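Numbering that gives the first Met the number 0 applies: residue 0 is where the sequence shown begins, and numbers increase by one. Think of the CB as a built atom: it goes at the ideal place given N, C-alpha and C, for glycine as much as any other residue. On a predicted model such as this, the values are computed, not experimentally measured, just so you know. Comments concern the structure below.
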Amino acid sequence: MWVDIHTHVLPGIDDGSQNWDETMELAELALSGGTDILVCTNHTNIPGIYENYESENLRTLFEMFQRKLEKEKMPLRILRGNEIFSTPGIQRLLNEKKVIPINNTGYYLVEFSFREDPDFMADVLFGMIKDGYHPILAHPERYECVQDYPAFVFQWMSEGVLTQMNKQSLLGQFGREVEVAAQCLFEHNLITCIASDAHSQERRTTNLSSIAEYLEDRFGEEAAQLLLNENPRRIIEGKRVVGQNLIPFADKGWY
């Protein structure tokens, strides 16, 4: 069974699920694809768009989702989290507990603008580590600086940053540049886990069966278990991840 640490399934609060019908269909798709644990990581701290700081409303939505799953007798365990958009004030938000870690652990799922400056990314990620937090960089393969110079991810992970790749990236569903970057990072052991980053029941879904089959066919069952089960399960339990045998790049970052 799989553990999905990145989803947008709580209804009506970001660009993911828009209503309870969609949310419940995403739950069904998760179960049908082999997922038994799903983390609800709505967008947070996107100024003027999706702020979604910790609130009674977020807690109530999560609890309603739990009750609906129980009522329908759906054996899907859900956990709380955020996908935190990184801004210069992120440390203050962390310290004031306005953003939610994954399942109340020290792990925080963080994202950046796709065109973000790599120096700013490093400052945020290393600053979090210095303050005792454990950042998980969401979909590194989608950032332009990583597509240009994937060795950035080696540098960040060497300092303790973890990474979460989107299932669609390896499958070519975000375009060729993202797919090439994803394959490059994968070949250099620069991926801690893979998640759905699900937004809807049609295209970016919670069903992980396609990426599980891809990993099993190309790299063996052990790779699928590591990236879809063992490491994400360790993350939700607040444990140290395994399999981080990073392979460095040559000078230009690609070869």
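(1) Check the C-beta distance from L108 over to T204 and give it rounded, since I have them as a contact under 8 Å.
(2) Consult DSSP for Y254 and reduce its assignment to one of helix, strand or coil.
(3) Could you tell me which residues DSSP puts in a beta bridge with L78?
(4) What does DSSP give as the partner residues of Y132 in its beta bridges?
(5) Go ahead and pull the three-state DSSP assignment for Q224.
(6) Indicate the three-state DSSP secondary structure (helix, strand or coil) for T191 in the structure shown.
(7) First and last residue of the alpha helix (DSSP H) that includes Q167?
(8) Can you determine whether any heavy atom of the ligand SAM sits closer than 7 Å to the C-beta of F61, and answer yes or no?
(9) Given that a residue counts as buried once 16 or more other Cβ atoms are within 10 Å of its Cβ, and exposed if not, what is Q65?
(10) The beta strand (DSSP E) with V98 in it runs from where to where?
(11) Distance check for W1 and S209, CA to CA, integer angstroms please.
(12) Among S54, V145, T22, whose alpha-carbon lies nearest the alpha-carbon of L184?
(13) Please classify R232 as buried or exposed, where buried requires at least 16 neighbouring CB atoms within 10 angstroms.
(14) Return helix, strand or coil for Q65, following the three-state DSSP convention.
(15) Who are the near neighbours of W19 in its chain, counting only those whose CB is closer than 6 Å to its CB and skipping five residues on each side?
(16) Can you list, in chain order, the residues of its chain whose CB lies under 6 Å from that of T278, leaving out five sequence neighbours each side?
(17) Over what stretch of residues does the beta strand (DSSP E) that includes Y52 continue unbroken?
(18) Let's see if you can read the secondary structure: which residues bound the alpha helix (DSSP H) around D20?
(19) Can you tell me whether L9 is helix, strand or coil according to DSSP?
(20) For S199, which option in E82, E186, Q17 has the closest C-alpha, if you only look at C-alpha atoms?
(21) Would H42 pass as an interface residue toward chain B - the criterion being a Cβ-Cβ separation below 8 Å?
(22) Using the Cα positions of Q90 and M127, report the straight-line distance between them to the nearest angstrom.
(23) Assign F218 to one of two classes, buried (16 or more other C-beta atoms within 10 Å of its C-beta) or exposed (fewer than that).
Let me lay it out:
(1) That pair is no contact at about 19 Å.
(2) Bear in mind that the predicted position of Y254 carries a pLDDT of just 43, short of 50, making it unreliable; the figure below should be weighed with that in mind. Reduced to three states, the DSSP call for Y254 is coil.
(3) V38
(4) DSSP lists no partner for Y132.
(5) helix
(6) coil
(7) 166-169
(8) With respect to the ligand SAM, the structure offers nothing, as it holds no ligand at all.
(9) exposed
(10) Where V98 is concerned, there is no enclosing beta strand (DSSP E), given that its DSSP letter is neither H nor E.
(11) 12 Å
(12) V145
(13) buried
(14) helix
(15) P10
(16) A question about residue 278 goes unanswered here, because the residues of the chain that appear run from 0 up to 254.
(17) That residue, Y52, is in no beta strand (DSSP E); it is neither H nor E in DSSP.
(18) 19-31
(19) coil
(20) Q17
(21) Given the protein chain composition of this structure (a single chain), no chain B is represented.
(22) 7 Å
(23) exposed
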